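In the numbering used here, the protein residues as written are 1 to 268.
Worksheet for the structure shown next.
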């Protein structure tokens, strides 16, 4: 600090900086740093540093803080008896951006385009969202009913040992999806479990599942397989829908049907 005041008095008396550098046998940049030692430091922080020794790097770091933070940082360094550049740098890094003089606050972005046009576009998007929401709200009940009916139909199919055995032999991956749908509380849970376990193979099996359901519940001329009421109790002694299509005659419980090669496979 005293060296700074001495250099300032010499400059004020007309001594050139080059002559001071030669006299002290240092570079001109070093003389400039010592002359500008207290530049940008608030008077109260200078008063606190008056009787202490420190390097020019300390004030260089303090210069990046605002006045209130400079005073606080100097007081902390004096209390710790470590007025060093490392301590000042740590305090600078802990300084909030609003208390630093070297950090410029972010400028608010100027709105791009015409504000009125943006409002009109936003209103259109909001209207589209509302239309989609109303459409989903109107169709939710019917879609949920269809899912419940489909789940009940699959449950009755899987509950029949003959049908389950036939599907298990010819399309085991579809049977796994049938069991997943039947044993799942919600469709969301089914999709999550399918995505976790199946991966790419699950997507192929899902396509096969959709094709099998379309074939089983397909739009035949008689429409017997599409109506759950015509399926009857698959586990009892009532009319049974043929998995291949059409309707079979009533069969005693536990007796395999007789209509071609499929019953022979089911009997196995």
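We put the beta carbon where it would ideally sit given N, CA and C, even for glycine.
Note that this is a predicted model, so its numbers are computed, not measured.
Cutoff 8 Å; reference residue i; Cβ partners in own chain excluding five residues on either side
i	result
residue 17	11, 28, 31, 32, 35
Exposure of residue i, with buried meaning 16 or more beta-carbon neighbours within 10 Å
i	result
residue 140	exposed
residue 149	exposed
residue 41	buried
residue 177	buried
residue 175	buried
residue 5	exposed
residue 147	exposed
residue 275	No answer is possible for residue 275: it lies beyond the span of the chain, which begins at 1 and ends at 268.
residue 162	buried
Residue j beta carbon less than 9 Å from that of residue i
i	j	result
residue 62	residue 80	no
residue 45	residue 67	yes
residue 57	residue 88	yes
residue 55	residue 38	no
residue 75	residue 48	yes
residue 53	residue 83	yes
Rounded distance between the beta-carbons of residue j and residue i, thought under 8 Å
i	j	result
residue 158	residue 135	Going by Cβ atoms, the distance from residue 158 to residue 135 rounds to 33 Å, so no, they are not a contact pair.
Proximal residues to residue i (C-beta, below 6 Å), its chain only, five neighbours per side dropped
i	result
residue 164	158
residue 246	For residue 246, the pLDDT reaches just 44, beneath the cut-off of 50, and the residue's location in the model is therefore unreliable, although a value from the coordinates is still provided. Excluding sequence neighbours, residue 246 sits near nothing in its chain.
residue 137	none
Residue of the options minimising C-alpha distance to residue i
i	options	result
residue 103	25, 166, 65, 133	65
residue 101	70, 127, 161	70
residue 24	14, 96, 7	7
C-beta neighbour in chain C for residue i, strict 9 Å
i	result
residue 77	This model lacks chain C altogether, as it is built from one protein chain only.
Sequence-distant residues of its chain with Cβ nearer than 7 Å to residue i (five each side left out)
i	result
residue 322	The structure shown does not extend to residue 322, since the chain is modelled only from 1 to 268, so the question has no answer here.
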